[in-house]
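Trainee: Numbering (our numbering), first residue to last: 41 to 347. Cβ atoms here follow ideal geometry from the backbone N, Cα and C, with glycine treated the same way. Just so we're clear, the structure is a prediction, and the values are computed from it rather than from any experiment.
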């Protein structure tokens, strides 16, 4: 404590006077301060290595909050202000954002389903609410269109399709993947914008066949499908705007890696308590299983006591 006090007073008083008043040697104060600086340097180096590790694993996509959460998941107690200082000191920044535009076009002669969500994307279990949208990707061989289907409960992309044509087949293929990945349940609400792909009779008949209830955003209101738009924003600022796709095949490979390997399995999501979509789903499944076992044990105990 004396050494710390002396170091804190150096701006006001000479070290020799402080050491003499407090009855400590100057050499002892020097060695204490040197050990402290060395410890701080080692701790900073350790944290810097962890920051760089998760920054590289995310391919430069993670910023302050996700890097801090990733480091904490490894058991290291760290303050985000400290992470920020080191990131700033060593010039570590997440990749920049860019704006994107809506791609689907309305068929003004089509009939539209009601908006059953009204901006409230709240699900308490999987397969309760699915959302969908389409975006585009430029390559040196021309445009590609990407349709995705997202489960609101854990923000997982459960179906997606990539094609050079923005047609109803694009969204039908994504829907088929989602149904194959998840057991289709008649209670599912399927929400999208008013794009012609979603208002087509083929697509609506397919939803009806599986017993889905269709919901559509209000006219010209992109916020009515904010969750899917948020995913596209992430995709674009963390992949598309940072990559020059020479071929459509390269774009397809990179989109696959981003969705299936990175986003669903690894990327920490703020709405999920900084867990990945699959990690969140597995933890909730385990939690529900434990609760089910506990309830069964209680019921057995009650039945035994009542005999």
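If we count the other Cβ atoms within 10 Å of its Cβ and call it buried at 16 or more, is residue 116 buried or exposed?
Mentor: exposed
Trainee: Enumerate in chain order the residues of its own chain whose CB-to-CB distance from residue 98 is below 6 Å, with the five nearest sequence positions on each side excluded.
Mentor: none
Trainee: Kindly identify the DSSP beta-bridge partner or partners of residue 177.
Mentor: 184
Trainee: For the beta strand (DSSP E) containing residue 229, list its first residue and its last residue.
Mentor: Boundaries of the beta strand (DSSP E) around residue 229: 229-232.
Trainee: Using 10 angstroms around the beta-carbon of residue 293, count the other beta-carbons present and answer buried if the total reaches 16, otherwise exposed.
Mentor: exposed
Trainee: Can you tell which of 313, 244, 133 and 170 has its C-alpha closest to the C-alpha of residue 113?
Mentor: 313
Trainee: Nearest-angstrom Cα distance between residue 194 and residue 301?
Mentor: 16 Å
Trainee: What number of angstroms, rounded off, separates the C-alpha of residue 201 from the C-alpha of residue 323?
Mentor: 28 Å
Trainee: Tell me whether the beta-carbon of residue 179 lies closer than 8 Å to the beta-carbon of residue 272.
Mentor: no
Trainee: Who pairs with residue 197 in a beta bridge, going by DSSP?
Mentor: 190
Trainee: So which of 204, 125, 102 and 127 has the shortest CA-CA distance to residue 310?
Mentor: Selected option, being the one with the closest Cα: 102.
Trainee: Would you report the Cα separation of residue 111 and residue 118, rounded to the nearest angstrom?
Mentor: 8 Å
Trainee: To the nearest angstrom, report how far apart residue 286 and residue 279 are at their CA atoms.
Mentor: Near 14 Å, if we compare the C-alpha coordinates of residue 279 and residue 286.
Trainee: When the Cα of residue 130 is compared with those of 161, 154 and 85, which residue comes out closest?
Mentor: 85
Trainee: Rounded to whole angstroms, what's the CA-CA distance from residue 209 to residue 121? Just pull it up for me.
Mentor: Computed Cα separation, rounded: 48 Å.
Trainee: How big is the Cα-Cα spacing for residue 165 and residue 212?
Mentor: So the alpha carbons of these two residues sit roughly 24 Å apart.
Trainee: Please check the pair residue 254 and residue 244, which I expect to be a contact at CB under 8 Å, by giving their CB distance rounded to whole angstroms.
Mentor: 6 Å
Trainee: Please specify which runs of the beta strand (DSSP E), each continuous and at least 3 residues long, are wholly inside the segment 215-258, giving them in chain order.
Mentor: 229-232 and 253-256
Trainee: Residue 132 by DSSP, collapsed to three states: which one?
Mentor: In this structure, DSSP gives residue 132 a state outside helix and strand, which the three-state scheme calls coil.
Trainee: What are the partner residues of residue 315, as DSSP defines its beta bridges?
Mentor: In the DSSP output, where bridge partners are listed per residue, residue 315 has 309.
Trainee: Using only CA atoms, which one of 167, 207, 269 and 190 lies nearest to residue 184?
Mentor: 207
Trainee: Helix, strand or coil, according to DSSP, for residue 171 in the structure here?
Mentor: strand
Trainee: Would DSSP call residue 304 helix, strand or coil?
Mentor: Annotated three-state conformation of residue 304 is coil, per DSSP.
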